[in-house]
Each structure stands twice: as structure tokens, then as C-alpha cells.
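The opening position of the sequence shown corresponds to residue 915 in this note's numbering, with each subsequent residue numbered one higher.
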Amino acid sequence: MAEPVGADAGTTIDSAARARQLQAVLNHHSALYYSGKPEIPDADFDELLRELQALESQHPELVHPDSPTQRVGAPPDTAFAPVRHEPPMMSLHNALDLGELRAWNERVHRALGASKPTVQQAELTLEDAVAEPTGEQALPVLEDVAAEQALPVLEDAATEPTGEQALPTLEASAAGPTLENVAAVEQAVPAYSVELKFDGLAISVRYEDGVMVRAATRGDGRTGEDVTHSVRTIVDVPVRLKDPAPDDPAPDDPFPDRAPAVLEVRGEVILYLSTFERLNARQAERGEKAYVNPRNAAAGSLRQKDARVTAERGLSFWCYQLAYAEGGPDFSSHMESLKWLESLGLPVNQYSARLDDLASVEAHVTDFERRRHDLDYEFDGLVVKVDDLGLQARLGVDAKAPRWAVAYKFPPEERTTRLLDIDVSIGPSGQATPFARLEPVFVGGVTVATATLHNEDQVAAKDVRPGDTVIVRRAGEVIPEVVGPVLSERPEGSEPWSFPPNCPICKEKLQRAEGMSATQCVNYRCPRQIRGRIEHFVGRAAMDIEFLGERNIDRFVTEGLLGDVVGLYDLDFERIEQMEGFGQISVNNLRKSIEASKQQPLSRLLFALSIPEIGQVNARVLAAAFGHIDAILDASEEALAEVEGFGPIIAASVRAWFDNPDNRELIKGLRESGLRMEAEAPADATAGEALPQTLAGMSVVVSGTLEGFSRDGARQAILARGGSSPGSVSGRTTALVVGADAGASKLRKAESSGVPVIDETDFQMLLETGELP
């Protein structure tokens, strides 16, 4: 058995390593999915996510803000203007079979049938959270989850309007309905709404005075991409709403006689299968590459900068949710709101239904599972909601999804085919991944010729061999996987497959660390890794260097013009100008873009460096905590662990990366090339002035609400004066600042550790003088 990590005997090295791996893999595939370029099946993603949720529930210290369990989707594409979603566009929890659908229904009834929680009941300790029987519904502890994403716990219990909305405490939930409230439970959910779960791209559309003014993708749920120009070309989306009422409305007609002043709706952009077939036929006529599936084609079409391209693709739209209406009717049910939206001219799917009980819901989803290929568009399940909007408000939401809805997902489809061979590909980070070469087979709506085999252990566990007849599963719209062999058809004399000892690209010996499932090429100079590091470095979310796509990077590396990211700032532009496809204008554009990248702030640079565990969120946090790359270079592992949301695992990974001689030489080269090595000025710093570093070397934790500062403003005030502001109290904390509704767990930790506890007045004095009262 693995030895425990740190002071928590419940966390093992294996658990920490697996959680870190799952977080990285899921974040990677989430970003690919929302950009319309998925690589793994939905079923595989869901399975990995559930495994991560279970691990994080058992070991809350492994949760950090960049974990996919704390986010809805993926960051918005910076090529489009950002749009803030109010309210957020949330994801949905999944039910993969009728048993899980019934379990969701039981949780809803427990929540609605149990008594109202008190503030004292809401004061969950770490042990309470770990004891929660279902990881997917576990209440995250605020200290271990980003504040803006976490469910309100003790710190917000007094101010959060959750008296009637929050789920009951864990004890109440586990106990279920009592004899006293059985009648209430029986009547808790009078009806359900059931709608098809379309396989497309979620968007939000806003109307003002009946006219469409904006449309945006979901993005990360809080911020999406402005795609108004593309959505205007979709015939199904009305540019102007129509009046909902007839000329002579009935006296009891609940609908107003005109569209509301402001209306925001959510829906799904899709591509009909017949339209998709015509699109691919046109692609073939033009000698262009065919699209893989309707969802990817729809996503790519919506993100076109030229709306004329979008218009010719023939996109369609289904509206499924009223997000906000100013001056609209006061509805009591979701289905009633859909009927009203339809009266305004918005397309609502005809298969949406209101059903009275769960038995009817189960019959409905079973019926549509049989009919999944009968319609002219793809849907991969059904969405079941509590229809009563008042009950929805009482049930509320968790960190990423509403509790009043669940997505019932159809099982993946499977076919058999011949496994021709097993090859190994090398990823940008050096990971060696085996994959299957297959006799082409039509499964899940596409023709499949390759499938992932994940890693060496998976190949061994499945015992698939070249020449086998294998079961191929394609769940969702992504790269399929080989499930296993059909042993009765295995050829005589078949031998187990062995992982090759050397990298197929650079021929160096492959390595696999003890306790890890991944096999790696550790040659820093492997051409595939060089290309991968450069591709990541120049990306929009990193240094944002334009005119340098994968194709040009490959040419420059192959011809010896580029050997690492430092080489970007010393390119031979005269030689490039002589290359095919380049001219004076394109070279000048490339030169300007590279030069402009030198002014990107430290957070962008940290993300661009491909440091393990440092995604966009952690890069911003790390840059804000230390302010300059030199401070990070000199920081101890303990100091890194105190950064909000980091902890020992991320700290060890960051410290190891900066201790690597190759990486230190890389930073030296970038510094000499003139790149910016400091963070952006904090929000409360005065223009052109550096604030006195009164808190240099101090660690100040803030808990609760302060009158003179926002939650982020207090943290920025500390950082601007040279201090750090981690999210939890430790023995190294200088002081704990407490405001209204301060967290009891932080107070207890401060008292037990002898950490001074100060109020807002003392905090102002500390900022000015650097001295505690």
C-alpha cells in the first residue's frame, strides 16, 4: 500500500497522482470538446469525471480551482469578444441508466421533503464533507474550492438566500423522508418536463425590445464568445420577435400583448443530418476535407469570422430555456415558459413533454432510446427537469449544475471489426500513447479506422492483439475506443502485444515512472516535443503569436530555423521571406506579432511554458501571488504550497519544473530576448505608482465580507503591498482578517495555531504600517 502524503493519512500517493492525472486529462479533453475538436467519447469522459469526483470527495485537499469538477465548460476562445452570462450557463449531471435516474429523483424528493436547514446545520466541517455518500453531490469546502465556483458553506451561510433553496444537511439527506413529511414527499414533484438532449453547441441569445442584440456560446459557463454575426444567419433564430398574443385574447390569457423589454433564452445550434450530408457532398466536390460529424461541423460553422461562410452551412436552432425576461409573464412551470417562447416565434422542439410521474418519464426515455436514429438530427439522450419553477428555486444549484435537472444519456453504440495493428504516437508533452489501426467500420454515425488504447496497462488488461476481432465503442461524437477482443475469433498462435522500448520519433528509450500509467519519451530534444512546446507557446491563450500555425512550425523546425521557443525571438526573417508561401507582408506581420508577444504579462508566460499543473487559472493565481518570475524561481516549495488553491502536489510540480536546468536556461533565454517577467499591476494600485511594500514576507488570510473591500479587492490590496493571501490558515499565517459571516473552520484553525485574528479596522492599519495591533 502507498505511503500517505503529508499530514493527511487518508490521502495516498496513488490517489494524489491519479487525481492530478485525471484533472489534467479532463481539462485537456474539455477544452478540445468545446472547441469542436473532441478526442474521446462522452462515456469515457463521464467515467473519468466520476472517478475524479469520487477521489476529490474522499480527499478534498486534492481539489483546486483548475479542476474540471469546479468548472462548467472550457475557457472562451479569445478570437471572439467575451460575453458575461447572467445567470451562468450551467452544465448538467448525468444519469447513465434508469437506476441513476431514479437515484436523482430520490435526491430531489429528499431535498424537498426534509426540513429547512439552520445556519448551525450548514456549518459543515471537513469530516462532514468527506462523509457525504455521493461524491457527485458532495458539498465542497470553501477553503479547497475557488470561492466564485464553490457552493456557499459556512462563510456565506448567513447571507446566502438558501433557506428554501439549499439542499438539506448531509444528515437530513442521508436520513430521507420521515413519517411526518411523507405526505409532503408524495406531493413534492407534481410534474416533470422531458426534452431531447441535442448533440450540438449551446448558445445564449438576448433580445431588447423584441430585437436580437447579442448571441454567445456557453464558453466556461460564466463567460462565452460573441457569435452574434454568425447566429444572425441562422434562419430558425428570429431577428425580431413577434407579438405573442392573438388579436382578440381571452380574458384569462396569461401572456402579455407584446415582447418583453429584455429577453434572454438558451438553446442549441445543430446541423440536421440531411444538411450535414449535403455539406460533405459539397466538400467532396470542392476537393476539401469532409467533416467528421454534425456537431463538429456546427461548432466550426458558428465560429467562422466570415458570417457568409456560416450562412451557407445551413445551421438550425432549438430553444430550450428561458434565462431572463424583463417585463414578461410570471410563470409557474418550465413547460409554460417554453409555450410562451414558442408564441414569440422561437423554435421549441415538438417532442418536449410534461409528464406526471417518474414511471411516465422512464417510459418516455426508453421509447426515445429506441427512436434515436429515426429523426433527422442527432440527440444523445433526454433532459429531465422538475417542471415547477418554484421547486427549481428551492432545489437550487451546486458548483456546476442545477439539482432540479439531470441528463439521461443513452448507452454508447458498439460494433466489431478487425484490429490490424497497434502503433504508438508521441504527444507534445512526450506521452507515448498506443492506438489501434482498424479495418474501417461504421459506428456511431461515422466511419472509424483508428481507436485509442490509452496506455500500456489498458492494452494488457484488455489483452487485444493484432489480428483480433475487437469490439469498438463510439460514445458521443469523439474518437472511439477498443473495448476488448472477441476471444472465440482469435487466430491461432496469437501473441500478446508488447510496448516498444524506444520512441518512434527520436528513437530514445521510453520511460515509465513507478506508480504511473503513462509511458514517456523524456528526451527534451525529441522533435515531436519541440514542436508541441512551440505550438502551445504561440497559442492564443498563451503568447498569442499569429501567422505561425502548426504547419509553419513544422517547416521551421524541419529546416533548422527553430529549435525551441527562445528561437522565436531570433528567427531569420530574410530566409523565411524566400520560402514558398511567404512574402514581405506576411513576414512583417509575423515579425510584429512576435515582437508584440514580448509585452504579454507574467500570467500568460507561465501558461505558455507548459509547466505541469499550471493551466490558465493557476497561471494567473501564481503570477498574482509572486508578482515576478524571479520571486517564483526563488520560492520554496512551502511558499508555493501556500498559494491559494495550490497545496503540496502542485507546489512540488512547479518547484521541480523550475529546478530543471533546461527550464532555467529557457527562462534565461526568454529574459535576454526581452520578454516581460512581471505581473500586471494589481487593480487597486494607483497609476504609475508602486505601493509601499508594507506586507513583504507576510501571509494574510481574509474570511467573510468586509465593508471597504470586495472579496477579491482585499486580496489584491495584500498582493499590491508585497504580501501573499492564501485561501487557508496555517502555522505560517501572519494574521486572519475576519469580516461578516467569517468561516468558523478558519477561526478554529487560527485559534489552535496561535494566529492573530483582526477586524477590518486593524486590517487597514496593517496595510498602511505593516504592523499588527
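Even glycine gets a Cβ: it sits at the ideal position worked out from N, Cα and C.
Would you kindly report the start and end of the unbroken alpha helix (DSSP H) that includes residue i?
i: Ile1444; result: 1441-1451
i: Asp1576; result: 1575-1586
i: Pro1208; result: 1208-1216
i: Trp1018; result: 1012-1027
i: Thr1189; result: 1187-1199
i: Glu1509; result: 1498-1511
i: Asp1548; result: 1543-1548
i: Gln1372; result: 1370-1376
i: Arg1132; result: From DSSP, Arg1132 is part of no alpha helix (DSSP H); its letter is neither H nor E.
i: Leu1177; result: Per DSSP, Leu1177 belongs to no alpha helix (DSSP H); it is in the beta strand (DSSP E), 1176-1184.
i: Gly1304; result: 1303-1309
State buried or exposed for residue i, treating a residue as buried only when at least 16 other CB atoms are found within 10 Å of its CB.
i: Leu1401; result: exposed
i: Asp1382; result: buried
i: Leu1686; result: exposed
i: Asn1207; result: buried
i: Ala1631; result: buried
i: Ala1089; result: For Ala1089, the predicted structure reports a pLDDT of 37, less than 50, and the residue's modelled location is therefore unreliable. A value from the coordinates is still provided. Counting Cβ neighbours within 10 Å, Ala1089 comes out exposed, since fewer than 16 surround it.
i: Asn1532; result: buried
i: Arg1672; result: Per the sequence shown, the amino acid found at residue 1672 is Ile instead of Arg. Buried.
i: Val1669; result: buried
i: Pro1001; result: exposed
i: Ser1087; result: Reliability fails at Ser1087, whose pLDDT of 36 lies under 50, so the model's placement of it is uncertain and no value is given.
i: Val1125; result: exposed
i: Glu1621; result: exposed
i: Phe1356; result: exposed
i: Ser1659; result: buried
i: Lys1314; result: buried
i: Thr1331; result: buried
i: Lys1156; result: exposed
i: Ser1524; result: buried
i: Glu1509; result: exposed
i: His943; result: buried
i: Gly1495; result: exposed
i: Val1223; result: exposed
i: His999; result: buried
Got a sec? Which residues, its chain only, sit under 6 Å from residue i by beta carbon, not counting five neighbours each side?
i: Cys1420; result: Asn1437, Cys1440
i: Val1127; result: Arg1120
i: Pro990; result: Annotation note: pLDDT 49 at Pro990 (below 50); position unreliable, no value reported.
i: Asn1577; result: Trp1571
i: Val1183; result: Gly1114, Leu1115, Ile1117, Ala1212, Leu1216, Leu1229, Phe1231
i: Thr897; result: Nothing in the structure corresponds to residue 897, since the chain is present only between 915 and 1687.
Take residue i and list the residues in its own chain whose beta-carbon comes closer than 7 Å to its own, dropping the five residues that flank it on each side.
i: Asp1301; result: Ala1105, Tyr1106, Ser1107, Ser1247, His1248, Met1249, Arg1268
i: Phe1677; result: Val1651
i: Ala1225; result: Thr1147
i: Glu1094; result: The pLDDT assigned to Glu1094 is 41, lower than 50, so where the model puts this residue is not dependable; a value taken from the coordinates is nonetheless given after this. Answer for Glu1094: no residue qualifies.
i: Leu1012; result: Glu1276
i: Asn1194; result: Ala1204, Tyr1205
i: Lys1663; result: Val1643
i: Lys1299; result: Tyr1106, Ser1107, His1248, Trp1318, Ala1319
Looking only at its own chain, which residues have a Cβ that is under 8 Å from the Cβ of residue i, when we skip the five neighbours before and after it?
i: Phe1349; result: Ile1336, Asp1337, Val1338, Ser1339, Thr1364, Ala1365, Thr1366, Leu1367
i: Gln880; result: Because the chain in this structure spans residues 915 to 1687, residue 880 falls outside the shown range and cannot be described.
i: Leu1681; result: Thr1608, Leu1609, Ala1631, Ile1632, Arg1635
i: Met1457; result: Phe1451, Ser1511, Gln1514, Arg1518, Leu1519, Ala1522
i: Glu1552; result: Ala1565, Arg1646
i: Ala1593; result: Pro1515, Leu1516, Ser1517, Ala1537, Ala1538, Phe1540, Gly1541, His1542
i: Tyr1265; result: Glu1109, Leu1110, Phe1282
Taking the continuous beta strand (DSSP E) assigned at residue i, which residues delimit it?
i: Ser1118; result: 1115-1122
i: Phe1560; result: Where Phe1560 is concerned, there is no enclosing beta strand (DSSP E), given that its DSSP letter is neither H nor E.
i: Ser1230; result: 1230-1240
Using a Cβ-Cβ cut-off of 7 Å, state whether residue i counts as contacting chain B.
i: Ser1431; result: Reference to chain B is not applicable here, since this structure consists of a single protein chain.
At least 3 beta-carbon pairs within less than 8 Å: the stretch 928-947 vs the stretch 958-975: yes
Continuous beta strand (DSSP E) assignments of at least 3 residues falling wholly in the stretch 1255-1285: Here the runs fully enclosed are 1267-1269.
Inter-stretch contact at 8 Å, needing at least 3 Cβ pairs: the stretch 1506-1513 / the stretch 1575-1595: Contact holds: three or more Cβ-Cβ distances are below 8 Å.
Segment contact flag, the stretch 1138-1154 with the stretch 1222-1231, C-beta cutoff 8 Å, min 3 pairs: yes
Any alpha helix (DSSP H) of 4 or more consecutive residues that is wholly inside the stretch 1597-1673: 1625-1634, 1658-1667
Touching by the beta-carbon criterion (3+ pairs, under 8 Å), the stretch 1617-1629 and the stretch 1572-1585: no
Cβ contact check for the stretch 1478-1487 and the stretch 1447-1461: 3 or more pairs under 8 Å: Put simply, the stretch 1478-1487 touches the stretch 1447-1461. At least three CB pairs are less than 8 Å apart.
Cβ contact (3+ pairs, closer than 8 Å) linking the stretch 1369-1380 and the stretch 1314-1329: no
contact_flag[the stretch 1463-1477, the stretch 1413-1429] where n(CB pairs < 8 Å) is 3 or more: no
Those runs of the alpha helix (DSSP H) which lie wholly inside the stretch 1318-1355 and span at least 4 residues: Whole alpha helix (DSSP H) segments, 4+ residues: zero.
Start-end ranges of the beta strand (DSSP E) lying completely within the stretch 1395-1421, minimum 3 residues: 1395-1399
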